[in-house]
Amino acid sequence: MTNIAMICDFFHPNVGGVENHIYMLAVNLMNRGHKVIVITHSHPPDRVGIRWLVPGLKVYYIPLRTIASSATLPDFFAFLPYFRTIILRERIELVHGHASLSALANEGILHAHWFGIRTVFTDHSIFGFADAASILTNKLLEATLRNVDGVICVSYTARENTVLRAALVPRIVHVIPSALLTDQFRPAEVPPPTDIINIVVISRLVYRKGIDLLVATAPRVCARFPNVRFLVGGSGPKLIELLQMREKHLLQDRITLLGPVRHADVRGVLIKGSIFLNTSLTESFGIAILEAACAGLYVVSTRVGGTPEVLPEDMISFAKPDEDVDVMRALEEAIQIVSQNKHDPIRAHERIKEFYNWGQVADRTEVVYNSILQSEPRDLWTRMQRTLSLGPFVGLIYLGMLVVDWVFFMLLEHIILPRDQLDYVERDWDLKRFRQVSHS
Amino acid sequence: MSTEITWEKVLWKRQPYPDNYVPESFLSELRRNTNFSPYTYSAVILASCMIAQHLSALFIFLAVFARLYNETLDPRLLVGLTICCNLLGYILGELLESQSQTSRVETRAKMLKSIIFIVVALVILSPGLRTLTAATSSDSIWAISACLFILNTLLADYEATPPDKLYTTRLSSASVISINAAVFSSVVLASRLSTNNAVFALTLFSFHLFALFPFIRLRLQAYPSIIRIGFTTFMITLSLYLIASLSVFVVSLLILGYILVLFISPAILVWAQGHKNEIRGPWDVAVPHLR
């Protein structure tokens, strides 16, 4: 039994893949008897301070300003006083940061070593190496992960990417895929009709999701197969292009645009169709195709990032992401498979149930935690040397930050808020007791 | 037992390997320096001729200004030379450009109109320009014009344009700023001169050198390298000759500058290419080609 703190800028009340992942992982670790808390930034005016989420997950909302996309400013020091108090109060033994663009996660890993506690980092996304934003954030990640104890990635491709970006030893990087609540994505009780085939697309309508490919292929598919309809959920800047395409080819009765779909309603949309189309240009894991496959749809996806690893070959058709003609070919293949009833939704659902569940994710994460807790931590001198080896220029900057952080920590320890003045948490939430009481 | 099952790069089944297992195929899809074609030293030198030409034009202008300022050059001679260069450039352009357009007469008429407009405007404005910065000390003017010429040199368009696009590419905003900086700088310099004629001559000369010359420079790229090298050598020699009689120190600096631009910098670029490490792999954002 370990006391674990999950740290990430992206958490409830925001919604998204990372947010959901952290919540599900935390709950499943709690089910295994660990104590888990979440530390994230506050959402003024009302979501501040300490909140509890069902079934007893304690969340600290830290009063730090966000700068963009719900991420806080990476200033490296402002978080330390809050972090120290929480870590000590809750008697945390292991810090688990999520998402490389989360400043809190980066800072948490930097500060954690002062308390002698161990660090794990989960990278949820993949980045290139060529553009200025990637170069800067990759350097930041490399500095953060210089002294991390363990890293988790969601797919093998993402792992190769993270190892390259952060210059890591591959051995400390683990691959644990995300999972889903299979019961929330049951196939339709009445299987969808085969005379009319609905192709479902649920995605943010942005360039990176390959909406250009959808705009190019949808009219051709409609012209070729008179029995095919499109259902498109989601919104974004590319919506206009979809609307223009629909108007130009007079496909108002064949292509339905549903607007934004809440996560709770995704299954309702999915089960109306028999083929799911994902045109992403980059994807680290592709939870959307997993949800669709779980709901019994045959999946057509571009072969990008981690998507080729997610599903067995007979449940998915791949298209080359750089050619719209190939997306067309893959869709034709899928339409044939579906119209000949070669794809069994119920069986697909059962198989996904075997492969992916949160219990397994928590088990595998636990293995990572245990191996890290048994390993020998690095002392300050080693950490300083490793930081300095980041590079002749960056190394000095980060070494300076490390030293300043240490001085700040010492001030907090001895002058500003000594440990004997802290209020410690004496009684934790007892999940087992809660379950007993709530069920009786 | 576990070693008999080969590892697969899939997430959908549990494999008898730990989660941090590093397979043989790790990073096998990594591609390095794809689409990379190394530059040759001679090609880079040829491309940096553009920069040398720009530098020499700049220093020719400064030398001419210094002579006008010292009153060792007759402004009328400068106007005459400028007009000669203009006519020569125009005739050469007409001869070399093999365009057969019916609208040629129309463009010529337009061109004539704008030439008359510019010249008349300059003549009218010259007295005003001469006294424009009378209240400002000369030191500030040298500083301003130096800054503006540095801006002009930094932002000028040295890009190698493919021959088929030479007549269709539009000026980038950077090169527009560059031209404006140079013209502004020459206007403030002209305001230091003592006679209206000198002001007119210098401003007209600067228009040719900073607004018209870049176009010739750009179009010159379509011609064989021997012509480009010859032209660059001519410009460099002219600039050195004109500066030499003014200051030996500046000439030696200029020679160093030319060597740096033409020989050392290309060598550094060619050497640095050996360290190029561009990483590509399955994580890159795909670029869809739509038909």
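Read top to bottom, the protein sequences are chains E and X.
Counting from 1, position 117 in the first sequence corresponds to residue 121 in the numbering used here; the numbering is continuous, with no gaps.
Counting from 1, position 264 in the second sequence corresponds to residue 249 in the numbering used here; the numbering is continuous, with no gaps.
Even for Gly, the Cβ is constructed at its ideal location relative to N, Cα and C.
Being a predicted model, the structure only gives us computed values, none of them experimental.
Reduced DSSP secondary structure (H/G/I, E/B, other) of residue i
| i | result |
| --- | --- |
| residue 45/E | strand |
| residue 361/E | coil |
| residue 78/X | helix |
| residue -14/X | Since pLDDT at residue -14/X reaches only 45, below the 50 mark, its modelled position is unreliable, and the value read off the structure follows with that caveat. Coil, per DSSP. |
| residue 260/E | strand |
| residue 284/X | Since the first residue shown for chain X is -14 and the last is 276, residue 284/X is missing from the structure and cannot be characterised. |
| residue 412/E | helix |
| residue 54/X | helix |
| residue 61/E | strand |
| residue 18/X | coil |
| residue 76/E | strand |
| residue 255/X | helix |
| residue 274/X | strand |
| residue 221/E | helix |
| residue 426/E | coil |
| residue 70/E | strand |
| residue 215/X | helix |
| residue 406/E | helix |
| residue 280/E | strand |
| residue 101/E | strand |
| residue 178/X | coil |
| residue 202/X | helix |
| residue 145/X | coil |
| residue 8/X | coil |
| residue 226/X | helix |
| residue -9/X | coil |
| residue 295/E | helix |
| residue 190/E | coil |
| residue 82/E | coil |
| residue 25/X | coil |
Residue i Cβ short of 6 Å to the ligand SAM heavy atom set
| i | result |
| --- | --- |
| residue 101/E | You won't find the ligand SAM in this model; it holds no ligand whatsoever. |
Per DSSP, the bridge partner or partners of residue i
| i | result |
| --- | --- |
| residue 165/E | DSSP, once it has assigned bridges, lists no residue as partnering residue 165/E. |
| residue 7/E | 39/E |
| residue 177/E | 155/E |
| residue 235/E | 204/E and 260/E |
| residue 300/E | Answer is none; residue 300/E lacks a bridge partner. |
| residue 306/E | 323/E |
| residue 51/E | 47/E |
| residue 264/X | 17/X |
| residue 56/E | 62/E |
Proximal chain E residues relative to residue i, where beta-carbon distance stays under 7 Å
| i | result |
| --- | --- |
| residue 339/X | A query on residue 339/X cannot be resolved here, the shown segment of chain X reaching from -14 to 276 and no further. |
| residue -4/X | 159, 181, 313 and 314 |
| residue 228/X | Simply none; closest approach about 39 Å. |
| residue 264/X | 133 and 168 |
Interface residues of chain X facing residue i [CB-CB closer than 8 Å]
| i | result |
| --- | --- |
| residue 98/E | By Cβ distance, chain X contributes nothing, its closest Cβ being about 17 Å from residue 98/E, past 8 Å. |
| residue 180/E | 4 |
| residue 95/E | Per Cβ cutoff of 8 Å: no residues; residue 95/E is ~28 Å from chain X at best. |
| residue 306/E | 271 |
Under 8 Å from the C-beta of residue i: neighbouring residues of chain E
| i | result |
| --- | --- |
| residue 257/X | Those do not exist, as residue 257/X stays about 17 Å from chain E at its closest Cβ, beyond 8 Å. |
| residue -10/X | Correct list: empty, because the minimum Cβ distance to chain E is about 16 Å. |
Contact list for residue i against chain X, beta-carbon separation under 9 Å
| i | result |
| --- | --- |
| residue 302/E | Within chain X, no residue comes near residue 302/E; the closest Cβ sits about 15 Å away, beyond 9 Å. |
| residue 286/E | 268, 269, 270 and 271 |
| residue 212/E | 270 |
Contacts that residue i makes with chain X (C-beta to C-beta distance below 7 Å)
| i | result |
| --- | --- |
| residue 309/E | 267 and 268 |
| residue 177/E | 5 |
| residue 141/E | The premise fails here: residue 141/E is roughly 14 Å from chain X at the closest Cβ pair, so nothing lies under 7 Å. |
| residue 186/E | Those do not exist, as residue 186/E stays about 13 Å from chain X at its closest Cβ, beyond 7 Å. |
| residue 325/E | 271 and 273 |
| residue 174/E | 7 and 11 |
| query | What residue ranges within the region 330 to 399 of chain E form continuous alpha helix (DSSP H) runs of no fewer than 4 residues, ordered along the chain? | reply | 349 to 359, 362 to 378 and 384 to 392
| field | Under 7 Å (Cβ pairs) to chain E, residues found in the region 18 to 45 of chain X | value | none
| request: Select from the region -1 to 16 of chain X all residues with a C-beta closer than 7 Å to any C-beta belonging to chain E, and list them in chain order. | output: 4, 5, 7, 11 and 12
| Minimum length 4: unbroken alpha helix (DSSP H) runs contained in the region 122 to 167 of chain E | 136 to 148
| query | the region 335 to 364 of chain E: which residues have C-beta closer than 7 Å to a C-beta of chain X, in chain order? | reply | 359
| said: So if I threshold CB-CB distances at 8 Å, which residues from the region 46 to 75 of chain E count as touching chain X? | reply: none
| When Cβ atoms are compared, which residues of the region 368 to 388 of chain E fall closer than 8 Å to chain X? | 368, 371 and 372
| query | Just by C-beta distance, which residues in the region 215 to 244 of chain E are closer than 7 Å to chain X? | reply | 216, 217 and 220
| When you check each C-beta in the region 102 to 133 of chain E against every C-beta of chain X, which residues fall closer than 9 Å? | 130, 131, 132 and 133
| field | Residues of the region 144 to 171 of chain E with Cβ closer than 7 Å to any Cβ of chain X, in chain order | value | 159, 160, 161, 164, 165 and 168
| Quick one, which residues of the region 386 to 409 of chain E are near chain X if we go by CB-CB under 8 Å, in chain order? | none
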